[in-house]
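Presented below is the structure to which this report refers.
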DNA sequence: AACGCCAATGACATCGATGTCATAGCATTT
DNA sequence: AAATGCTATGACATCGATGTCATTGGCGTT
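Chains as they are written, first to last, in my numbering: chain H, 688 to 1016; chain R, 688 to 1016.
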């Protein structure tokens, strides 16, 4: 790996001149320039990004941390961020945090230690106050899940309204016993979805029944167990609202033959091809990622400290068959 | 951001001593050590990874580049790599290349310029010979798709055999007009799958019919067009072999009502929940990622130059309903 | 008491690129 | 001809951590 020194020696100039040529500094004689360019080609010179970013003090990459890359929702968010950043020559460094809240801090710190230019984050833990120190220098943008213990730019969906719509719709189909299924209680987004669910029940004059809430349905096995539990209820549900796409996919097998209506939060691939096709609250993960990336880029200019009130993206009910609607033509 | 200098000043020692404390060098008096540790805590010292890796000459991260993160197959590969690397304190830097072969080289070069410790790659282009220069210093491991123009460690699935199995199985159900659908012709894996398909036909004494091959089926719209085209054939197919999971998902809507049997290469979420459930050739992306990551780690010790013959992971037919089998109890 | 040895610590150079300032050379002005 | 200005180039310092070697001082040996 040739360095600038090598090129300089080869071209008979100083390293600084090589640097100037490389960075298109106009103060170089055409003759000198071509000598240097020739030497660079000869030695196959490639700049050492490590040295450059070290000198510059911060890298030209932006970190993206999401709970799970295998989740198509987050994959789309990441995809959007990559799209925006690749246009500006900024590298995206993607990591998945995993389901364990305790892993969040170490994973993020090892990311941030690389002098990231910025961080786009969908947290899994319940406290991000320790990020304050980093936030002073590094813009941090929260997506999908609002931060706690720290204020920062945030882009979330209208979880509450989406859950309200879904629940209201099921109520409109005549259901009064509607189960709420999730894979964890703590994420703020799940809480807001539970809120919306309860609000819709309340507005329809239906009493909230704790025994219809099942929040341990992560993975097919536990999903099945939770659904069994719900149906062992004295009065089983006749409809289910599932609080995210992963859970929706996990409970579908368990729901077979139970004749329950279903609406899930979050669309997923093949949802429209299942029998019955699954009605969902449609989010726009790509837009979420796009907005977050653009905000991050804007903060590189503005400075890291500032932040605006959370942006709440609208969601819409996508009626398919599982809610009880008839297939659309 | 405090530096070692700051800590040294604060503790009244030299920067070198701070470095020693930080790196658990035994040649430090306990008293000095605690003084330094106190200063570090006081100033909230965090090492500058950029400076460290710059000094060390190479970073402690491994690059992972796949065509598409939204594809659950590659998402699983990445997940496995992350799992292995996180145990050894190596950061994984994930990028998706996208469908355009021309983007591959710039994307990878910008990754490699960061002095990656190694690279795990599922290429989209047809020539990786330019990687030779990097491969001398940086172990490069190919997954899912074998390299061309360069020799390197490679982990692929048994594409040919998988396609053979699938085609043979469809033939066993009495089909003689079997369509082959893909989203591109050039990836070596697709070619091998086409090979396997042709071999199975040949072994059964069925003539290969060019007009049953449709290789432009990327995305739902084009998938629908390709299926329409196949069915406009004078003798339409009665069964379809789809060469990857994305294509399988894309053609399913178009196949509705056509009564064709279907086997796809690659399992996907919900494949077992569709009606009919979709028979597939099952791969093991997680294992693929795990093996690749372990090989990369091994190369860090061995040195980059070497490589072993490609490892071919076995695949197995997962019989569900779409091939014509009856549901398993 | 003289010598050598080892442990603890620090001074300095180093990695590669680049910012700052100096200098040499040439042209233009008065 | 001297003063001024401007351009092309280079010397040197710098970013932060750490490898190398030197220095200091205490201890044990003969």
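We put the beta carbon where it would ideally sit given N, CA and C, even for glycine.
This structure is a prediction, so every number in the text was calculated from the model and none was measured.
Span separating the alpha-carbon of residue i from that of residue j
i, j, result
"residue 702 (chain R)", "residue 872 (chain R)", "59 Å"
"residue 1010 (chain H)", "residue 949 (chain H)", "5 Å"
"residue 916 (chain H)", "residue 758 (chain H)", "26 Å"
"residue 1016 (chain R)", "residue 909 (chain H)", "For residue 1016 (chain R), the predicted structure reports a pLDDT of 49, less than 50, and the residue's modelled location is therefore unreliable. A value from the coordinates is still provided. If I take the Cα positions, the gap works out to 21 Å."
"residue 698 (chain H)", "residue 801 (chain R)", "26 Å"
"residue 900 (chain R)", "residue 920 (chain R)", "11 Å"
"residue 880 (chain H)", "residue 960 (chain R)", "26 Å"
"residue 925 (chain R)", "residue 946 (chain R)", "8 Å"
"residue 740 (chain H)", "residue 721 (chain R)", "33 Å"
"residue 1002 (chain R)", "residue 874 (chain H)", "38 Å"
"residue 798 (chain R)", "residue 754 (chain R)", "14 Å"
"residue 895 (chain H)", "residue 929 (chain H)", "16 Å"
"residue 736 (chain R)", "residue 833 (chain R)", "34 Å"
"residue 770 (chain R)", "residue 977 (chain R)", "8 Å"
"residue 870 (chain R)", "residue 876 (chain H)", "37 Å"
"residue 849 (chain H)", "residue 888 (chain R)", "51 Å"
"residue 805 (chain R)", "residue 827 (chain R)", "6 Å"
"residue 898 (chain H)", "residue 912 (chain H)", "14 Å"
"residue 997 (chain R)", "residue 985 (chain R)", "16 Å"
"residue 944 (chain R)", "residue 903 (chain H)", "38 Å"
"residue 734 (chain H)", "residue 738 (chain R)", "16 Å"
"residue 954 (chain R)", "residue 970 (chain R)", "7 Å"
"residue 783 (chain R)", "residue 693 (chain R)", "40 Å"
Contact list for residue i against chain R, beta-carbon separation under 9 Å
i, result
"residue 708 (chain H)", "Chain R residues near residue 708 (chain H): none, gap ~18 Å exceeds 9 Å."
Endpoints, the beta strand (DSSP E) within which residue i is located
i, result
"residue 841 (chain R)", "840-844"
"residue 629 (chain R)", "Residue numbering for chain R in the displayed model covers 688 to 1016; residue 629 (chain R) lies beyond these limits and cannot be assessed."
"residue 1003 (chain R)", "1003-1005"
"residue 782 (chain R)", "778-783"
"residue 969 (chain H)", "966-969"
"residue 952 (chain H)", "948-952"
"residue 895 (chain R)", "Careful: residue 895 (chain R) lies outside any beta strand (DSSP E) and carries neither H nor E."
"residue 958 (chain H)", "Where residue 958 (chain H) is concerned, there is no enclosing beta strand (DSSP E), given that its DSSP letter is neither H nor E."
"residue 861 (chain R)", "Run containing residue 861 (chain R): none; DSSP gives neither H nor E here."
Closer than 7 Å at the beta carbon, the chain R residues around residue i
i, result
"residue 936 (chain H)", "956 and 957"
"residue 865 (chain H)", "Neighbours of residue 865 (chain H) on chain R: none; closest Cβ ~22 Å, over 7 Å."
Chain-ordered neighbours of residue i on chain R, where CB pairs are closer than 8 Å
i, result
"residue 1067 (chain H)", "Look at the range of chain H in this structure, 688 to 1016, and you will see that residue 1067 (chain H) is not part of it."
"residue 914 (chain H)", "Neighbours of residue 914 (chain H) on chain R: none; closest Cβ ~14 Å, over 8 Å."
8 Å Cβ cut-off: residues of chain H touching residue i
i, result
"residue 713 (chain R)", "Neighbours of residue 713 (chain R) on chain H: none; closest Cβ ~25 Å, over 8 Å."
"residue 688 (chain R)", "824"
Any non-hydrogen atom of the ligand NAP closer than 7 Å to residue i Cβ
i, result
"residue 926 (chain H)", "Absence of the ligand NAP from the depicted structure is noted, as is the absence of any ligand whatsoever, leaving it without description."
Neighbour list for residue i in chain H, Cβ cutoff strictly below 7 Å
i, result
"residue 733 (chain R)", "800"
"residue 927 (chain R)", "The contacting residues do not exist; residue 927 (chain R) stays about 15 Å from chain H at best."
"residue 940 (chain R)", "960"
Range covered by the alpha helix (DSSP H) that runs through residue i
i, result
"residue 763 (chain R)", "759-774"
"residue 794 (chain H)", "788-799"
"residue 939 (chain H)", "932-942"
"residue 908 (chain H)", "907-918"
"residue 705 (chain R)", "702-709"
"residue 976 (chain R)", "972-989"
"residue 721 (chain R)", "717-730"
*What are the residues of the segment 945-971 of chain R that lie near chain H, defined by any Cβ-Cβ distance shorter than 7 Å?*
956, 957, 960, 961 and 962
ask   = Is it true that the segment 722-730 of chain H meets the segment 742-755 of chain H, where meeting means three or more beta-carbon pairs spaced less than 8 Å apart?
value = no
For the segment 822-831 of chain H against the segment 929-949 of chain H, do three or more pairs of beta-carbon atoms, one drawn from each stretch, fall closer than 8 Å, so that the two count as touching? Between the segment 822-831 of chain H and the segment 929-949 of chain H, the count of C-beta pairs closer than 8 Å stays below three; the two stretches do not touch.
Taking contact to mean at least 3 C-beta pairs separated by less than 8 Å, is the segment 758-776 of chain R in contact with the segment 703-723 of chain R? No contact exists between the segment 758-776 of chain R and the segment 703-723 of chain R.
Anything in the segment 737-769 of chain H with a Cβ closer than 7 Å to a Cβ of chain R? List those residues in chain order, please. 737, 738, 740, 741, 746, 756, 757, 759, 762, 763, 765, 766 and 769
How about the segment 956-970 of chain R and the segment 1000-1009 of chain R: do they share at least three Cβ pairs that are nearer than 8 Å?
yes
Is the segment 786-803 of chain R in contact with the segment 831-849 of chain R, if contact means three or more CB pairs nearer than 8 Å?
These segments do not touch.
Notebook entry, point to check: Residues in the segment 778-791 of chain R with C-beta within 8 Å of chain H's C-beta atoms, listed in sequence order?
Noted result: 778, 779, 780, 781, 782 and 783
* Please name the residues in the segment 796-819 of chain R whose beta-carbon is closer than 9 Å to at least one beta-carbon of chain H, in chain order. => 796, 797, 798, 799, 800, 801 and 802
**OP:** Select from the segment 816-846 of chain H all residues with a C-beta closer than 8 Å to any C-beta belonging to chain R, and list them in chain order.
**Re:** 820 and 824
Item to check | Any 3 or more C-beta pairs closer than 8 Å across the segment 848-857 of chain R and the segment 809-817 of chain R | outcome: no
Interfacial residues, the segment 692-703 of chain H to chain R, with Cβ spacing under 8 Å: none
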